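Engineer:
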Amino acid sequence: MQNDCGCNCNKTEDKRYTELKAYIDSVKDSQGITMTVLQEAQRIFGYLPLEVQKFISENIGVPIAELYGIATFYSQFAITPKGKHHIGICLGTACYVRGAQKVMDKVVEELNIGVGETTQDGLFTIDATRCLGCCGLAPVMMIDDDVYGKLDNVDVIPAILEKYRG
Amino acid sequence: MNGINELNQLKAKAVKDFEVTDGYRVVVGMATCGISAGAKPVLEKLREETAAKGLSNIQIVPTGCIGMCIYEPIVEVFEPGKDKVTYIHMDPDRVSKVVSEHLEKGKPVVEYTIGEGEGDKLRNLDDVQFYKKQKRVVLQNCGLIDPENIDDYIAIDGYQALAKAVTQMTPQEVIDLMKASGLRGRGGAGFSTGMKWSFAAANEADQKYIICNADEGDPGAFMDRSVLEGDPHSVLEAMAIGGYAIGATKGFIYVRAEYPVAVHRLKIAIEQAKEKGFLGKNIFGSNFDFDIEIRLGAGAFVCGEETALIASIEGKRGMSRNKPPFPANKGLWGKPTIINNVETLANVPKIVLNGPEWFRSMGTEKSPGTKVFALGGKINNTGLVEVPMGITLREVIYDIGEDCLNGKAFKAVQTGGPSGGCITRENLDTPIDFDNLVAIGSMMGSGGMIVMDEDNCMVDIARFFLDFTVDESCGKCTPCREGTKRMLEILDKITAGNGTLEDLDILEELAENIKNTSLCALGQTAPNPVLSTIKHFRDEYVAHVVDKRCPASVCKALLSYFITDACTGCTRCVRVCPTKAITGTVKQRHVIDQDKCIKCGACMDACTFKAIIRK
Chain B
1 MQNDCGCNCN
11 KTEDKRYTEL
21 KAYIDSVKDS
31 QGITMTVLQE
41 AQRIFGYLPL
51 EVQKFISENI
61 GVPIAELYGI
71 ATFYSQFAIT
81 PKGKHHIGIC
91 LGTACYVRGA
101 QKVMDKVVEE
111 LNIGVGETTQ
121 DGLFTIDATR
131 CLGCCGLAPV
141 MMIDDDVYGK
151 LDNVDVIPAI
161 LEKYRG
Chain U
1001 MNGINELNQL
1011 KAKAVKDFEV
1021 TDGYRVVVGM
1031 ATCGISAGAK
1041 PVLEKLREET
1051 AAKGLSNIQI
1061 VPTGCIGMCI
1071 YEPIVEVFEP
1081 GKDKVTYIHM
1091 DPDRVSKVVS
1101 EHLEKGKPVV
1111 EYTIGEGEGD
1121 KLRNLDDVQF
1131 YKKQKRVVLQ
1141 NCGLIDPENI
1151 DDYIAIDGYQ
1161 ALAKAVTQMT
1171 PQEVIDLMKA
1181 SGLRGRGGAG
1191 FSTGMKWSFA
1201 AANEADQKYI
1211 ICNADEGDPG
1221 AFMDRSVLEG
1231 DPHSVLEAMA
1241 IGGYAIGATK
1251 GFIYVRAEYP
1261 VAVHRLKIAI
1271 EQAKEKGFLG
1281 KNIFGSNFDF
1291 DIEIRLGAGA
1301 FVCGEETALI
1311 ASIEGKRGMS
1321 RNKPPFPANK
1331 GLWGKPTIIN
1341 NVETLANVPK
1351 IVLNGPEWFR
1361 SMGTEKSPGT
1371 KVFALGGKIN
1381 NTGLVEVPMG
1391 ITLREVIYDI
1401 GEDCLNGKAF
1411 KAVQTGGPSG
1421 GCITRENLDT
1431 PIDFDNLVAI
1441 GSMMGSGGMI
1451 VMDEDNCMVD
1461 IARFFLDFTV
1471 DESCGKCTPC
1481 REGTKRMLEI
1491 LDKITAGNGT
1501 LEDLDILEEL
1511 AENIKNTSLC
1521 ALGQTAPNPV
1531 LSTIKHFRDE
1541 YVAHVVDKRC
1551 PASVCKALLS
1561 YFITDACTGC
1571 TRCVRVCPTK
1581 AITGTVKQRH
1591 VIDQDKCIKC
1601 GACMDACTFK
1611 AIIRK
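Here the protein sequences come in this chain order: B and U.
Residue 94 in the numbering used here is what sits at position 94 of the first sequence, and the numbering runs on without skipping anything.
With positions in the second sequence counted from 1, the corresponding number in the numbering used here is that position plus 1000.
1. Among the candidates U/Asn1203, U/Gln1207, U/Asp1206, U/Ile1175, whose CA atom is the shortest distance from the CA of U/Ser1192?
2. For the alpha helix (DSSP H) holding U/Leu1504, just list the boundary residues, first then last.
3. Using a Cβ cut-off of 7 Å, which residues of the segment 67-83 of chain B contact any Cβ in chain U, in chain order?
4. Just checking, does the segment 1342-1350 of chain U make contact with the segment 1555-1564 of chain U on the three C-beta pairs under 8 Å criterion?
5. Alpha carbon to alpha carbon, what distance is there between B/Cys131 and U/Thr1424?
6. What three-state label does DSSP hand U/Val1128 in the structure shown?
7. Could you spell out the range, first to last residue, of the beta strand (DSSP E) harbouring U/Gln1059?
8. What in chain B is Cβ-close to U/Phe1222, meaning under 7 Å?
9. Which whole-angstrom value describes the C-beta separation of U/Gly1243 and U/Phe1199, a residue pair presumed to lie in contact below a C-beta threshold of 8 Å?
10. Measure the C-alpha to C-alpha separation of B/Cys5 and B/Lys28 and round it to an integer number of angstroms.
11. Are U/Val987 and U/Leu1491 closer than 8 Å when you measure CB to CB?
12. In this structure, how does DSSP classify U/Ser1192 when only helix, strand and coil are distinguished?
13. Quick one, which of U/Cys1600, U/Arg1265, U/Val1554 has its alpha-carbon nearest U/Cys1573's?
14. Under a Cβ-count criterion, where at least 16 other Cβ atoms within 10 Å of its own Cβ denotes burial, should U/Ile1598 be classed as buried or exposed?
15. Starting from B/Thr93, follow its DSSP beta bridges and name the residues at the other end.
16. Name, in chain order, the residues that DSSP records as bridge partners for U/Ile1211.
17. Helix, strand or coil: which one does DSSP assign to B/Phe73?
18. Pull out every residue of the segment 1420-1453 of chain U whose Cβ sits closer than 9 Å to any Cβ of chain B, in chain order.
19. Could you tell me the alpha carbon to alpha carbon distance between U/Cys1477 and U/Ile1506, rounded to whole angstroms?
20. Give me the subset of the segment 142-166 of chain B whose CB atoms are less than 8 Å from a CB atom of chain U, sorted by chain position.
21. At the 8 Å Cβ level, is B/Val97 part of the contact set with chain U, yes or no?
22. Which residues in the same chain as B/Ala94 place their Cβ atom closer than 8 Å to its Cβ, once the five residues preceding and following it in sequence are excluded?
23. Mapping DSSP to helix, strand and coil, what is U/Thr1170?
24. Should the segment 21-35 of chain B be regarded as contacting the segment 1253-1264 of chain U, the criterion being three or more beta carbon pairs within less than 8 Å?
25. Could you tell me whether any Cβ in chain B is nearer than 8 Å to the Cβ of U/Gly1285?
26. Using 8 Å as the cut-off, can you tell me whether the segment 1076-1094 of chain U makes contact with the segment 1122-1137 of chain U, which would need three or more C-beta pairs spanning the two stretches below that distance?
27. Counting along the chain, where does the beta strand (DSSP E) carrying U/Arg1295 start and finish?
28. Against chain B, with Cβ distances strictly below 8 Å, would U/Cys1457 count as a contact?
29. Flag this pair as yes or no: are the beta carbons of U/Ile1450 and U/Gly1369 separated by less than 8 Å?
30. Per the DSSP calculation, U/Ile1085 is bridged to which residue(s)?
31. Can you tell me which of the three DSSP states U/Arg1589 falls into?
32. Is U/Arg1575 close to chain B? Criterion is C-beta to C-beta, closer than 8 Å.
33. Excluding five sequence neighbours on each side, which residues of the same chain lie with their C-beta closer than 8 Å to the C-beta of B/Gly114?
34. At least one CB of chain B closer than 8 Å to the CB of U/Gln1414: is that the case?
Next up, the structure:
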């Protein structure tokens, strides 16, 4: 039997799929919606698992191979889940010349994971970001929406991370 | 919106609200930089305290980037008939005092003003050295108006240029005006805007598009973001004027998803402009229809290249393609398309209103107007700087930037981001314009200007940019995909201390090949940071490969730590060393075992006697 979403999947109970379907229906008539749909899906689900890509493919008629190609091309899209807290370390040029690499090294050392990876407890993901635009505060690190600037002394970093562990 | 008269009525009303005739207008810098520095609690506290005290003659206005990042959060108080007062490094406690002293009793709090530390001399930003050589045209409204209130924009002649264009000029006249002004694209290459528009105008098509390229990808530049956050309507107005000139009825703004504040304000601005009839059908009672849609980028530097940007809006991987056909002939969905950068567009309404002679009165013969730079790195006055073209780099760095941080020696300034190059001391007196910067081995680029001092290793900087381009190469053409990767591997080898002199020759050869054979500008310019650093700082490369030494003490693998006579034997270093590489008896000089040392620098940080040196 077919579901509301037009396929035989088991997703009618998951409200997130309903939300995504409603969005797809609202933009269906515009041109070039693939990116915008993926962006909306990422907002709803936090990342783009294969299931979600399949769902989108069935609903907008774009082959899943193409969707996967797009999802892996742009750095904004993630196909694996992200940690609860997102650590973005600015590696823009202004931060870099003022010691951003040391900040990065310290965070990597503290959490014992690489850039782009998530800690085993699912708490943190580290990302290198491009210019956050607050060069006056260089070097800068962002955790979720909080900005930590002037991290010339990297010894303060463990205490900052600790705040998010509670 | 039926005609210019209706706009003028709106303006008359808006001016009354905008101009303070009684009381105060208090603006808070609320661009991303201000918000990062803590402007939100400052704005909230201002609203709270003034309400609690029942002060009614005060307008509190969030505004865009005021320009001086190092002083954020900034609050400026305007009072009729008086100079404005600029408060810096504001926090909620300081706000309380400003409200009770200045806004309530009329006595400015001198100690929080920018004249801080200069006795009782009260100053505002206009008096600061940083602004003296600047000329604010594009940024004129940033930090003055509320970007989320269209009436503020209308009050300062907003949408007058659009009204003039569609009601009094033919599309050809608009194009001729742009050509006469000599405006060149601010996105990097510096192509004539009027010329570009004329190409698309000449093409017959059922649909044409105008795209605003707000995919500001240079990792050290944020001018476009500041314009979008501080003055979004100027970009919308310019797009409509451009649409009218080339015959496009639809515009797209392709903006980085990493700029949430800019996206938010653009959305508000588009809604407000539609509501007032500046966008939509029959604008100003003419036959001209124009609509704008926002499309978000998803984090790909290559999408700043126009054909890649078009692919991305079409919903594909952002990969560039061969030109011709140029987008002006075959662009978005195969239709004639014009792509202009944010800063370029922000100039357009002002040129339409003030005329090409006015625009040509600033800057140089071949590069008229101003240019906004994001001045950053090892410089005292970090911030957004708008200067007339033709000013020298020396003036920007020493008069506006007020020298390197901590009295360190200037080494180079990098312009053009990952596509540009380094400019050294001997070229500091070159007047800045599109052609001169190319002549000295760099480029204008979008406007990142990063200052480096003696502590920066130029090999490491070249490696940094290459690392960026390798990451951002779209992978379509081999020279860029494979070539940049090979170059990065060689630079990694050099910074790890395993390089040879032959490597330098291979680097240069690869660089030339990549420049000549890559498909798009990303690959064609990717080797520039390497070539320019080899040209100007060959001795640093040689020190890395021959002497196995990093003169700036940056490349970890080439550093060694030593303990000098100053050691008191306190054992502090022994305790912090993660590899137990330090040995010695208490109260006697310690020694570092170079084989065990991993060069983490922990001992040097821990030593309170400055007995550990790195060389």
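By construction, the Cβ of each residue, glycine as well, lies at the ideal position given by its N, Cα and C atoms.
Quick caveat: nothing in here was measured; it's all calculated off a predicted structure.
Structural biologist: Answer, in terms of the structure:
1. Ranking the options by Cα distance to U/Ser1192, first place goes to U/Ile1175.
2. Where U/Leu1504 is concerned, the enclosing alpha helix (DSSP H) stretches over 1501-1517.
3. Within the segment 67-83 of chain B, the residues whose Cβ lies closer than 7 Å to any Cβ of chain U are, in chain order, Gly69, Ile70, Phe73, Tyr74, Ser75, Gln76, Phe77.
4. Result no; under three Cβ-Cβ pairs closer than 8 Å.
5. Cα to Cα, U/Thr1424 sits roughly 24 Å from B/Cys131.
6. Here U/Val1128 sits in coil by DSSP.
7. If you look at U/Gln1059, you'll find it in the beta strand (DSSP E) that goes 1058-1063.
8. The answer, in chain order, is Cys131, Gly133.
9. For U/Gly1243 against U/Phe1199, the beta-carbon gap comes to about 15 Å, at or over 8 Å, which does not count as contact.
10. At B/Cys5 the pLDDT is 49, less than 50, meaning the model places this residue with poor confidence; the figure from the coordinates comes in the next sentence. Distance between the alpha carbons of B/Cys5 and B/Lys28 is about 14 Å.
11. Absent from the structure is residue 987 of chain U, since the part of chain U shown begins at 1001 and ends at 1615.
12. Here DSSP, grouped into helix, strand and coil, assigns U/Ser1192 to strand.
13. For the residues U/Cys1600, U/Arg1265, U/Val1554, the minimum Cα distance to U/Cys1573 belongs to U/Cys1600.
14. It counts as exposed.
15. None; B/Thr93 has no bridge partner.
16. Beta-bridge pairing by DSSP links U/Ile1211 to U/Phe1252, U/Ile1339.
17. In the structure shown, the three-state DSSP call for B/Phe73 is helix.
18. With the criterion set as a beta carbon lying under 9 Å from some beta carbon of chain B, the members of the segment 1420-1453 of chain U are Gly1448, Ile1450, Val1451, Met1452, Asp1453, in sequence order.
19. Looking at the two C-alpha atoms, the distance is approximately 20 Å.
20. Hits within the stretch, in order: Val147, Gly149, Asp155.
21. Answer yes: the Cβ-Cβ gap between B/Val97 and chain U drops below 8 Å somewhere.
22. If we look at B/Ala94 and ignore the five residues flanking it on each side, its Cβ neighbours are Cys131, Cys135, Ala138.
23. U/Thr1170: coil per DSSP, three-state reduction.
24. In short, these stretches do not touch, since the Cβ pair count stays below three.
25. Chain B contact via Cβ: absent.
26. Segments in contact, yes.
27. U/Arg1295 -> beta strand (DSSP E) spans 1291-1296.
28. So no, U/Cys1457 is outside the interface.
29. No.
30. Looking at the sequence shown, residue 1085 of chain U is not Ile but Val. Residue pairing of U/Val1085 in beta bridges, as defined by DSSP: U/Val1077.
31. Here U/Arg1589 sits in coil by DSSP.
32. Chain B, which has no Cβ nearer than 8 Å to the Cβ of U/Arg1575, makes this no.
33. So the qualifying residues of the chain are Val108, Ile126.
34. Answer yes: the Cβ-Cβ gap between U/Gln1414 and chain B drops below 8 Å somewhere.
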